[in-house]
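Residue numbers (the numbering used here), protein chains in the order written: chain H, 31 to 130; chain R, 199 to 578.
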Amino acid sequence: MTYSPVQMWRRQKDISSLIGQQGHILFATNVRIPPSGFAEMAPYAVGIIQLDSGEKMIGQIVDTPYEALVVGQKVRAVPRRLPNTDPEGIIHYTIKFVAA
Amino acid sequence: MKIHVLGGNTSKFGELWDTSPRELGRQTMKKALQSAGIEARGIDALFVGNMLSGIFGNQENLGAFYAEELGVQVPAFRLEAACASGGLALHSAVNALLAGIYETVMVLGIEKMTDHQQDVVSSALMAAGSDEERQTGITFPGLYALLTQAYMQEYGMTEADLAAVAVKNHYHGSHNPNAQFRFPVTVEQVLLSAKVADPLKLLDCSPISDGASAVILSTKKHKSKVEIIASTMATDTLSLSDRSSFTSLGAVVRAAAKAYKAAGIQPKDVDVAEIHDCFSIAEVIASEDLGFSKKGHGALDIASGKRTLGSGEVILNSSGGLKACGHPVGATGVKQMVEIMEQLQGKAGDRQVHKAKVGLTHNVAGSGSQAVIHILKGSI
């Protein structure tokens with residue numbers, strides 16, 4: 031996945047507003063066959079998260095193996111690196127979730 | 199105004215490594231013309247459904263590309279709605295006919311996917327989702343796995359119940375000479391196949407496919423005696439996480455309500471339906487959203503044999519569906535209509551649904567962001 035520096039800069043605002051927000055897992059899956067760029071992480075858990083703010087969002091759930099995750103588990107939004115195929119070498123960030 | 203289906207053709211689906219997109223389109227359109235008994239000069243406009251030609255081959259401008267192969271210089275359009283691109287092309291063609299702009303049109307659905315590696319295809323298909331989804335590394339099997347988890351939590355469906363979808367569709371596909379997979383599978387084989395995105399396994403997933411399908415629609419009277427009595431479409435949020443329900447697809451419910459009303463029929467009047475079973479859960483949810491099964495009963499009705507050829511109830515995916523027939527994404531919506539046309543003409547061979555008079559097609563984009571429904575009636 032390649033983003034231009036301008037796209038990346040625009041996205042930073044969304045990322046910073048989400049850091050630290052809490053929520054819980056509605057349901058999750060374990061992606062075993064990844065798309066391009068994600069092979070090093072696979073398998074990885076992705077879930078639909080109900081944030082305490084009321085918003086729902088999709089996110090990778092890290093630092094806990096998929097098998098140990100449970101529905102309703104409390105999670106917290108953290109900034110994490112995205113796989114980077116950008117020839118300019120800019121580090122890309124996204125929001126992921128860890129157990130709260 | 200009546201919309202007649204004059205004829206159509208579907209290519210073999212599968213790994214067509216020795217066939218170029220040009221040749222695949224040309225051959226399929228030629229056979230569709232033969233099926234309708236008309237010449238290319240009788241076509242007033244061309245509608246092409248395709249999703250990935252720009253991402254894979256840097257080839258856009260498909261209207262001109264395939265008009266050239268058809269040998270016509272008429273208005274030509276490329277329509278894109280991810281996996282519902284074929285359905286969108288049909289819906290657009292029907293609208294143009296109803297507006298009285300053209301009398302006879304060709305609709306081509308086409309996709310060439312197997313020239314590329316699996317991870318590249320998985321990544322390209324995520325163009326149908328949102329940027330938020332792409333950043334998580336989710337795939338389409340992953341998004342439908344999330345729907346499966348939600349459905350299992352709500353209704354207690356088991357993985358074995360769900361496996362019945364692939365078993366039925368492989369059985370139907372074994373009777374379809376154009377199907378990518380012409381062999382049956384068992385519940386045990388489905389359950390033992392490799393996990394792709396928990397709980398979905400390889401045999402819960404439609405394959406990566408090449409293929410094309412074309413139909414000719416006209417407002418002129420014709421001997422084919424198959425007509426389109428409803429063509430509807432609805433949308434929902436692009437991202438799965440923004441939906442109001444995870445056990446039903448709102449776009450399908452809305453498009454189906456409009457379609458049944460336009461056709462003046464009830465779900466129980468449908469004899470045969472082609473369902474967008476990109477993943478087995480999609481057919482379960484669709485069979486409920488379309489009103490064939492009660493909520494929570496979709497998988498059980500499939501497992502009990504009610505949706506299998508010969509049951510006497512509504513038959514789902516006589517072609518083998520996306521699972522066994524294959525899923526060249528832009529072609530699928532058009533292939534569904536060709537299958538229903540053959541059923542209503544009584545020309546479906548070993549797959550023939552006895553006395554089929556009313557058929558329905560259900561084509562879905564992404565994780566449910568768009569849905570296109572067509573209802574057809576035969577009078578043989």
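Where is the CB? At the ideal position from N, CA and C, for every residue including glycine.
Review point. Three or more beta-carbon pairs under 8 Å between the segment 395-404 of chain R and the segment 117-125 of chain H, yes or no?
Key: no
Check your understanding: Taking just the CA atoms, how far does residue 299/R sit from residue 95/H?
Key -> 58 Å
Check your understanding: Is DSSP giving residue 339/R helix, strand or coil here?
Key -> helix
Exercise for review: Look at the Cβ atom of residue 372/R, then the Cβ atom of residue 533/R, and state whether they are nearer than 7 Å.
Suggested key: Cβ atoms of residue 372/R and residue 533/R: not closer than 7 Å.
**Study point:** Through-space distance from residue 243/R to residue 434/R, alpha-carbon basis
**Key:** 29 Å
Review point. Counting only runs that start and end within the segment 422-491 of chain R, where is the beta strand (DSSP E) found for 3 or more residues in a row?
Key: 424-433, 470-472
Exercise for review: Might you give, ordered along the chain, the residues of its own chain that have their beta carbon closer than 6 Å to the beta carbon of residue 253/R, omitting 5 neighbours on each side?
Suggested key: 322
Practice item. Could you have a look at residue 309/R and say whether DSSP puts it in helix, strand or coil? Key: strand
Point to revise | Contact list for residue 86/H against chain R, beta-carbon separation under 8 Å | key: 439, 440
Review point. Among 284/R, 327/R, 273/R, which one has its Cα closest to the Cα of residue 565/R?
Key: With distances taken between Cα atoms, residue 565/R lies closest to 327/R.
Review point. Can you list the residues of chain R that residue 90/H reaches, using a CB-CB cut of under 9 Å?
Key: 333, 334, 335, 336
Practice item. Under 9 Å between beta-carbons, which chain H residues line up against residue 325/R? List them in chain order, please. Key: Chain-ordered listing is empty here: chain H has no CB closer than 9 Å to the CB of residue 325/R, the nearest sitting near 11 Å.
Point to revise | Inter-residue CB distance, residue 309/R and residue 408/R (contact presumed, cutoff 8 Å) | key: 7 Å
Point to revise | Distance, residue 269/R Cα to residue 234/R Cα | key: Taking the straight line joining both Cα atoms gives about 17 Å.
Practice item. Counting only the same chain and skipping the five closest in sequence on each side, list residues whose C-beta sits under 8 Å from that of residue 551/R. Key: 469, 470, 507, 513, 516, 541
**Study point:** Secondary structure, alpha helix (DSSP H): runs of 4+ residues fully inside the segment 244-282 of chain R
**Key:** 251-255, 260-268
Exercise for review: Report yes if the CB atom of residue 297/R is closer than 7 Å to the CB atom of residue 568/R, and no otherwise.
Suggested key: no
Check your understanding: By how many angstroms is the C-alpha of residue 574/R removed from the C-alpha of residue 579/R?
Key -> For residue 579/R there is no data in the structure shown, the boundaries of chain R being 199 and 578.
Practice item. On the DSSP bridge assignment, give the partners of residue 80/H in chain order. Key: 54/H, 86/H
Check your understanding: Among all the DSSP beta bridges, which residues are the ones paired with residue 408/R?
Key -> 212/R, 310/R
Practice item. Return the first residue and the last residue of the alpha helix (DSSP H) that residue 385/R is part of. Key: 385-390
Practice item. Report buried or exposed for residue 450/R, applying the criterion of at least 16 other Cβ atoms within 10 angstroms of its Cβ. Key: buried
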